[in-house]
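Residues in the sequence shown are numbered from 155 upward in steps of one, following this note's numbering.
Taking it in order: structure first as structure tokens, then the write-up.
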Amino acid sequence: MKNNILQTELKFTETYRKYKDAHAAVREAMCLKAQYPAFFTEIKDGDLFAGRIKHTFVGVTPDEWGPTAFGYYCQEREMRELMAKGDLDEAYRQKIEDMLSFWKMENTSSRLRSRYPEEMAKWLPTDDWMHDYGIGFPLYRLTGGNIDFGKLLELGIPGMADEIRRFKIYASNEGNDTEIYEAMLTALNVLIDICLYYACEAKLKAEEENSSERKGELLKMASVMETITASKPGTFREALQLFWLYSLAADIRNYGRMDVYMGDFLVNDLNSNLISESEAQKMLDSMWRLMAARNTVVHNRVIIGGKGRRNEKNADRFALMAMEATLNVKEAEPQLSLRFYKGMNPHLMEKALDTIGEGRTYPMLYNDDVNIPSVQSAFCLSRTLSEQYVPYGCGEYIIDHKSFGTPSGVINLLKALEVTLHNGVDPATGKKTGLSLGEFRSFDTFDKLWNAYTKQVEHFIDLLACHEELEYKVAGETAPFLYLSMLYDGCLEKGLGAFQGGIDYLGGTLETYGNSNTADSLTAIKKLVYDEKRLSHEDLLRALDHNFEGFEEERSLMLECPKYGNDDECADSMLLKVDTHAAEYTRSQKDKTNLHSYLIVIINNSANTLLGHQTSASADGRKSGEPMNNGNAPSSGFDRQGVTAMLNSIVKPSTYIHAGAVQNMKFSRDMFTKKRIIAESLLKTYFEKGGAQAMITVVNRNDLENAMKEPEKYGHIFVRVGGFSARFVELSRDVQMEILNRTLY
């Protein structure tokens, strides 16, 4: 094993160094040649399509690859761990050390942080939001790209190349830069190399295969690979294969309105008897397995249903088969999402509830009758454009292949309140973390406390909006991100990369956490300290600082205060106050930056649990280190008045001022079997009252408790964590407990 590790990384680095001062598009194209097909891994038994990938520790990607890795990235820690295990001679080890030294400040994330203005560097000192204490954190990524797969499949690789050549000629005639077009053609040739690489592998495997059936599958795979390099896809199989390899090469992790761009291929093949329905289902199941193997955790979104589809009948047929694939392939990904509306084919919702009732957590449900006007308002777009919204990742919205809105900031609203109560100091560390706005006792009215809290929040929103703007600027200087730009509206026409001015609607999003806990805490403080004067400022603060140890009576008072999620006007109005402030102030950043939009997203991965670890006891009765609420949901266990009251509460926050909010609900199996009519009625009423979205876990509490004791017996149980699903037994214990403690209806 001597001197045979990190060879792709070394080759990539050598290429980057060679083209370091070249045109950014040329440099990226050459690096893609060094990167591919080396990143791709072998076809596995049972695969009907080629395309598995393992990113190495140095490369180029628009999305994140590691906590702070995007653009040109270098994962030093992982490489050092590998070096420690390898049998390396000194010269080879030094070669790797030179590579690590080179990338230390050359990687895109380091370049971005080095550009921070003094105030930004002061108040956003750390990137490790999972472990460090703080109010706001920057994220380093260009995530959520949804490219025009429909155009890719309509033109194919040759047609894409022809279009790029036409734009190149036009640019040359106008005296404009043509190097980006040359680089795009190089990138397409790299894609052809990937196809031919897999065609060769499939043929070799076929020669060694004893099963005639499997041999036939492999030879068909090889034939498809060769076909899509020379012509546009003509069949469902060819369309799926080209779509998949392009998404991997581009590192696009969300797939947009798949029923639209795949529906016609599917139905044409079925109607012409080229394939049977069972063969088509087998293909789709295989694609689902490949998506699951990609293991993105929070991505792999497939959107079906909804308004604005050009081929609704054919798209619906694909949508039904997509839900069947989700039933057949028992994995946490892909994240199937159903957009629905009044007047839609009722079979889709029936199939969706059947699938959810089987404990699959999919599809997630999105109400077009609410979401389309909400997107129109929040993003200031036309109705027609808004019909093309797609949820991606953990639940953020963008416009399919027309807008971009990476969530590149995190703000912990509960930590902002905590630090405000302690005059700018984080009580957990004793360090100054936020603005010093006065001692808690100096706020002799609730309005003064509220004003201090909002000033604290606004300070960090300003910083994070500027970080987002700077991130795009640095990304644009770094690379055009060729595969992304080729299929994003506006880029080819302008001859610009996605983040160089190519995308028409370049926005951003800010992830807010702890919204419900913050609101419930403010409700308790207002009631106990200001309105009823049952606790002094000092008494309340002392109880929080001691994590309620010795202050059980004070905690009981706080727990008894009104809580969001019970259709209680007092508690719910405070939640609206907290949400509206954060949303509107964030939205106003579009007037202070060059972003088309900057909006909050009230989503969740498992950040409510991770950020909760670094957040002290709060006035809603939550103890130090415990999870915060999940998305737009009430805090776990605080919704005590039944499912109707809970649903009435969660429809109150406005959907017109943000870029997505998730509603996690946990129902018993009985509710989706013996009481299916009740479940359908509840959801129907919820959506009619303005419910925008629902993520539903169907499970029995006993199964969750038993799974924690005997995990080997319960690998089949899937739960909705936040903006993603997972096998319950694979989650950390604290996340398991947070899910267990959510109210089960």
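Each residue gets a CB set at the ideal place from its N, CA and C atoms; glycine is no exception.
Counting along the chain, Gly459 sits inside the beta strand (DSSP E) bounded by residues 455-459. The three-state reading of DSSP puts Cys228 in strand, counting E and B together. The alpha-carbon of Ala223 is positioned some 12 Å away from that of Arg267. Here Tyr810 is exposed, its C-beta having fewer than 16 other C-beta atoms within 10 Å. In the DSSP assignment, Leu492 forms a beta bridge with Ile458, Leu519.
DSSP places Lys374 in no beta strand (DSSP E) but in the uninterrupted alpha helix (DSSP H) bounded by 366-384. Here Asp522 really is in contact with Gly460; their C-beta atoms are around 5 Å apart, less than 8 Å.
With respect to the C-alpha of Leu539, the residue from Gly547, Gly549, Tyr546, Pro527 having the closest C-alpha is Pro527.
Counting only the Cα atoms, Ala404 lies some 10 Å from Asp217. The alpha-carbon separation between Ala238 and Pro561 amounts to approximately 35 Å. Ranking Phe193, Pro292, Asp824, Gly299 by CA distance to the CA of Leu636 puts Gly299 first. Our two residues, Asn482 and Asp439, have alpha carbons roughly 7 Å apart in a direct line. Look at the beta carbons and you see the region 487-497 not touching the region 573-583: under three pairs across the two are nearer than 8 Å. By the Cβ rule, the region 764-776 counts as touching the region 686-703, because three or more pairs are nearer than 8 Å. Within a 10 Å sphere around the beta-carbon of Gly845 sit 16 or more other beta-carbons, which makes this residue buried. Annotated as proximal: Asn669 and Leu567, with beta-carbon spacing under 9 Å. In the three-state scheme derived from DSSP, where H, G and I count as helix and E and B as strand, Thr851 is classed as strand. Ala275 counts as exposed, since fewer than 16 other C-beta atoms from the protein chains shown sit within 10 angstroms of its C-beta. In the structure shown, the three-state DSSP call for Thr839 is helix. Secondary structure of Met184 (DSSP, three-state): helix. Short of 6 Å from the beta carbon of Tyr899, and not among the five residues preceding or following it, lie these beta carbons of its own chain, in chain order: Val797, Phe821. Sixteen is the threshold: when 16 or more other Cβ atoms of the shown chains lie within 10 Å of the Cβ of Gly877, as they do, the residue is buried.
Just measuring C-alpha positions, the residue of Val875, Leu765, Ala848, Leu507 sitting nearest Lys829 is Leu507.
If only uninterrupted beta strand (DSSP E) runs of at least 3 residues are considered, none is enclosed by the region 459-488. Per DSSP, Ser264 is one residue of the alpha helix (DSSP H) stretching across 262-268. In terms of Cβ geometry, Leu254 and Cys228 form a close pair [threshold 9 Å]. According to the DSSP secondary-structure assignment, Asn818 is paired through a beta bridge with Met849. Ranking Ala833, Ile850, Thr740, Asn802 by CA distance to the CA of Asp721 puts Asn802 first. Distance from the CA atom of His691 to the CA atom of Cys715, rounded to whole angstroms, is 17 Å. In chain order, Val873 place their CB closer than 6 Å to the CB of Ile893, counting only its own chain and leaving out the 5 sequence neighbours on each side. Closest by C-alpha distance to Leu278, out of Gly649, Gly563, Ala606, is Gly563.
Counted as a single uninterrupted DSSP element, the alpha helix (DSSP H) harbouring Glu692 occupies residues 691-699.
The beta-bridge partner set that DSSP reports for Ala532 is empty. Residue pairing by DSSP places Phe194 opposite Ile207 in a beta bridge.
Here the alpha carbon of Ala815 sits roughly 37 Å from the alpha carbon of Met233. Along the length of the region 256-344, whole alpha helix (DSSP H) runs at least 4 residues long occupy 262-268, 272-277, 303-327, reported in chain order.
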